[in-house]
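What the sequence shown shows, in the working numbering, is residues 1 to 190, in sequence order.
Glycine residues also receive a C-beta, built at the ideal position from the N, C-alpha and C atoms.
This report concerns only the one structure given below.
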Amino acid sequence: MIKCISCKSRISLTDIIDSTLVNCRRCGSKLEINYFPSLFTSLNKGEKAAAILSDEEASCFNHPEKKASALCSSCGIYICNLCELNIHDKHFCPNCFNNNTTEKEINPFIKNPVLYSNVAISIVIIGFLTGVGFFATGPYVVYYGYKHFKKEESLIKGRSPIKFGIAIFLAIVQIILTIVIIINIIMDLN
C-alpha cells in the first residue's frame, strides 16, 4: 500500500502504472514514485505435488504418497514438487541443499574462496622476511585475524582455526619484537 506523504491518503496503483509522477487525488501534492515492476505482477505460487495414480509411478523419497517429478542432481533420489529446489538448472533435494558436499554445485561462485588464514600468515611472514612494514604488519594481522575468523569458517565448513592461531601468535611475536626494537633505540639515544 502506497500513501501520500502529505495527507496519508492511499495512492491508487492505476495512477502509478501510467507515470512515476503522480498527483494525490485528495490534497493535490505531486509525488514521485519509483517502483519495481514486480509490484504489478501476481505472485507465482508453487505447484502442488501430484498424488500417485498407479503402482508404476515413482514416489518421492520424503513423501511416499506424492508422485516424483525429478531426480536429485546430487544423490539421485526421487523428489516431488514440494521437495524440489531448482538451482542453476539442477534439481536438489532438501537434504543435499543443506549438506556441505554440494556447496560448490549449488553456489558456483565459491569455486576459489579467499582463505583468510593463508593471507594472514603470508602477511606476517613477508613482514618478518623483508622488514617492509615490520612495525605495522603485526597489529594489522591481529586485527585481520579477528575480523575474518568467522568469515572463513562460514565459507568452507570444517576449516581448522589453527592457521589463524599461528598467524596471530606470529603477529604478537612481531609486536613484541617491535616494542623491544623501539626500547633499544630509545636507550641508545640516551
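- Of the residues assessed, residue 114 falls on the exposed side of the cut-off, its CB having fewer than 16 other CB atoms within 10 angstroms.
- Bounds of any beta strand (DSSP E) do not take in residue 33, whose DSSP letter is neither H nor E.
- In the DSSP annotation of this structure, residue 82 is not part of any alpha helix (DSSP H), being labelled neither H nor E.
- Cβ-Cβ separation between residue 163 and residue 117: approximately 4 Å, consistent with a contact (criterion under 8 Å).
- Going by DSSP, residue 23 is part of the beta strand (DSSP E) stretching over 21-23.
- For residue 164, no beta strand (DSSP E) encloses it; the enclosing alpha helix (DSSP H) starts and ends at 162-189.
- Taking a cut-off of 8 Å on C-beta distances, the region 171-184 touches the region 133-149, as three or more cross pairs fall below it.
- Ranking 150, 161 and 170 by CA distance to the CA of residue 129 puts 170 first.
- Membership of residue 97 in the alpha helix (DSSP H) is indicated by the continuous run 94-98.
- Spanning the alpha carbons of residue 190 and residue 182 requires a straight line of approximately 13 Å.
- Between the alpha carbons of residue 99 and residue 149 lies a distance of about 22 Å.
- Here DSSP, grouped into helix, strand and coil, assigns residue 147 to helix.
- By the neighbour-count criterion, in which a residue is buried when 16 or more other Cβ atoms sit within 10 angstroms of its Cβ, residue 27 is exposed.
- Closest by C-alpha distance to residue 119, out of 79, 75 and 168, is 168.
- In this structure, residue 6 sits near residue 29, with a CB-CB distance shorter than 8 Å.
- When DSSP states are grouped into helix, strand and coil, residue 58 belongs to the coil group.
- Nearest to residue 95 by C-alpha distance, out of 81, 77 and 23, is 77.
- For the 8 Å CB-CB criterion, residue 91 and residue 70 form a contact.
- Taking all protein chains in view, the Cβ of residue 68 is crowded by 16 or more other Cβ atoms within 10 Å, so the residue is classified as buried.
- Within the same chain, Cβ atoms closer than 6 Å to the Cβ of residue 144 are found at 120, the five residues on either side in sequence being excluded.
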